[in-house]
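Residue numbers (this note's numbering): 14 to 119.
These notes are about the structure you will find just below.
Dropping the structure here:
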């Protein structure tokens with residue numbers, strides 16, 4: 014049966030989370046295309062394209078916000094929770110030795 018184990022270098026994990034935050038926050042669509050798209054409103058097809066372009070900008074901004082703020086916050090919370098659980102588990106260990114059972118901190 015396969016063991017379920019997680020090993021994490023918190024320094025590397027934190028670096029990855031910070032890289033995600035930085036990369037995601039810099040991913041933005043330029044607004045020049047949207048600012049110059051009013052000419053599309055002269056036709057039915059153009060209005061539809063303009064609407065789709067506006068929606069794409071809204072969704073991109075939402076994705077950028079989620080990827081640069083919510084995801085890193087969730088990953089940091091996950092890291093902190095794993096550290097807390099690991100600490101609690103390590104403090105609850107009891108070590109058996111040839112002389113009997115000893116508490117880890119004796």
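Glycine is no exception: its CB is placed at the ideal position from the N, C-alpha and C atoms.
Return the CA-CA distance between residue i and residue j, expressed in angstroms with no decimal places.
i           : j          : result
residue 17  : residue 24 : 22 Å
residue 87  : residue 57 : 43 Å
residue 53  : residue 97 : 56 Å
residue 85  : residue 28 : 11 Å
residue 70  : residue 77 : 10 Å
residue 91  : residue 82 : 14 Å
residue 80  : residue 63 : 26 Å
residue 108 : residue 73 : 54 Å
Closest to residue i by CA distance: which of the options is it?
i          : options        : result
residue 75 : 41, 105 and 54 : 41
residue 22 : 93, 106 and 85 : 93
residue 20 : 81, 95 and 67  : 95
Is any heavy atom of the ligand ZN found at a distance shorter than 8 Å from the C-beta of residue i?
i          : result
residue 46 : The ligand ZN is not among the ligands present in this structure, which contains no ligands whatsoever.
List the whole-angstrom C-beta distance separating residue i from residue j, where the pair is believed to meet the contact cut-off of C-beta under 8 Å.
i          : j          : result
residue 65 : residue 46 : Residue 65 to residue 46, Cβ: 12 Å. No contact.
**Inter-stretch contact at 8 Å, needing at least 3 Cβ pairs: the region 99–109 / the region 26–45** = Remark: fewer than three beta-carbon pairs, one from each stretch, lie closer than 8 Å, so the region 99–109 and the region 26–45 are not flagged as touching.
**Item:** Completely contained beta strand (DSSP E) runs for the region 65–106, where each covers 3 or more residues
**Value:** List check, beta strand (DSSP E) in window: nothing returned.
**4-residue-minimum alpha helix (DSSP H) runs that sit fully inside the region 18–58, ordered along the chain** = Whole alpha helix (DSSP H) segments, 4+ residues: 23–38 and 45–48.
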